[in-house]
Amino acid sequence: MGPPSAPPCRMCIPWKEVLLTASLLTFWNPPTTAQLTIESRPFNVAEGKEVLLLAHNLPQNTLGFSWYKGERVDNKRLIVAYVMGTQQTTPGPAHSGRETVYSNASLLIQNVTQNDTGSYTLQAIKEDLVNEEATGWFCVYHGPGIPTISPPDSYYHPGANLNLSCHVASNPPTQYSWFVSGMLQQHTQKLLIANITVDNSGSYACLAHNSATGLSTITVKTITVSGENAPGLPVGAIAGMVTGVLVGVALVAALMYFLLLAKTRRTSIQRDLKEQQPQVLAPGRGPSHSSAFLASRPSPRTAAPIYEEMLKHDTNVYCRMDRKGDVAS
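If you count by mature numbering (1 follows the signal peptide of the UniProt record, and there is no 0), then the sequence shown holds residues -34 to -1, 1 to 295, one letter each, in order.
Encoded structure:
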């Protein structure tokens, strides 16, 4: 007989351990570093408010970081740079004075405007000089501005169609409401009234409301429906008025010219008369021919020759009477 065969070698391994090992080998992965991300709080911000760009998962070995306006790193659009060791902050060309940076790499922007809408990039510089970047976004809500009602016409004839439209700049788009003489008509951007009458005259108001900003604005327009012509004159009438005014101005100018001419002539005549009138000199003065001039002037005694003659005759009468009396005596 040959020697007995050796019993087979067997290893007894519990099956539960086998399953556990297989599970670990299948599902175990080496740990990965969390990525740098940016969160906007809030994402939609009203104009004039503030927004916080919150940085998540900033690397532990970060030496410093920088914020840029836009989706890429551009030194011309640098907002601010920060050094971790010294906590030194250096503003860049895109810094407006409304930005505040924190040591956790978050960026606060206050009093936002429409131009602030868009993307912002954070660049973290690590000790191994490997840069890590992340981009965030936010949107600025604004408006509404002052609504504009078109067309600009304010006067209409009966039977015409009144078609008004309201426009305003706003983000997000506004909600429109029409009021006629203080009464709500409809919540639309356009208002159409067909075959209008005189009763449709009144005030037409367009109200614009932005639910995001909570702001509302209004514009009021007066509409007049009348069979008469709208205020204003035709071109022919205006031309006639202008011609009449010019003719009137010409007549006034001519009248002033003739009055001035007449006044000038009258002044010249008076001056000539004064020059022709002789000068009266005091007696005993002046040249020798003054006696002739004085002789030519009528004497006060010759002013009433008839009266003097009567006096002479009366004197003779009395004289005769006296003489007759003497003779009789």
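In this text, a Cβ means the ideal position worked out from N, Cα and C, and glycines have one as well.
| query | result |
| --- | --- |
| May I ask you to list the residues that DSSP assigns as paired with glycine 168? | Ile189 |
| For the candidate residues Ala(-1), Pro138, Leu74 and Ser116, whose alpha-carbon lies nearest to that of threonine 179? | Pro138 |
| Below 7 angstroms CB to CB, which residues in the same chain sit around tyrosine 122 once its five sequence neighbours on both sides are set aside? | Leu128, Ile162, Ile189 and Val191 |
| Suppose you measure from the CA of glutamate 99 to the CA of isoleucine 75; what does that come to, to the nearest Å? | 20 angstroms |
| Quick test of the definition: if touching needs 3 or more C-beta pairs under 8 angstroms, does the segment 63 to 80 touch the segment 110 to 124? | no |
| Measuring straight from C-alpha to C-alpha, what distance separates asparagine 41 and leucine 158? | 54 angstroms |
| Enumerated in chain order, which unbroken segments of the beta strand (DSSP E) with a length of 3 residues or greater are wholly contained in the segment 111 to 182? | 114 to 116, 128 to 133, 141 to 146, 149 to 152, 156 to 159 and 168 to 176 |
| Straight-line CA distance for glutamine 151 to phenylalanine 145? | 5 angstroms |
| Does DSSP classify glutamine 89 as helix, strand or coil? | strand |
| Taking only three categories from DSSP, how would you classify lysine 35? | strand |
| Does asparagine 97 come out as helix, strand or coil in the three-state DSSP assignment? | strand |
| Could you give the distance in angstroms between the alpha-carbon of lysine 15 and the alpha-carbon of glycine 125? | 50 angstroms |
| Where does alanine -1 land, buried or exposed, given buried means 16+ other C-beta within 10 angstroms? | exposed |
| Let's test the definition: count the other Cβ atoms within 10 Å of the Cβ of serine 147 and tell me whether it reaches 16, buried, or not, exposed. | exposed |
| Going by DSSP in three states, glutamine 54 sits in which element: helix, strand or coil? | strand |
| Can you give the Cα-Cα distance for proline 57 and proline 113, rounded to whole angstroms? | 39 angstroms |
| For arginine 7, does the three-state DSSP call read helix, strand or coil? | strand |
| On a Cα-Cα basis, can you pick out the residue from Tyr170, Thr28 and Thr66 that is closest to threonine 52? | Thr28 |
| Give me, in chain order, the residues of the same chain whose beta-carbon lies closer than 7 angstroms to that of asparagine 10; leave out the 5 immediate sequence neighbours on both sides. | Cys105, Tyr107 and Ala178 |
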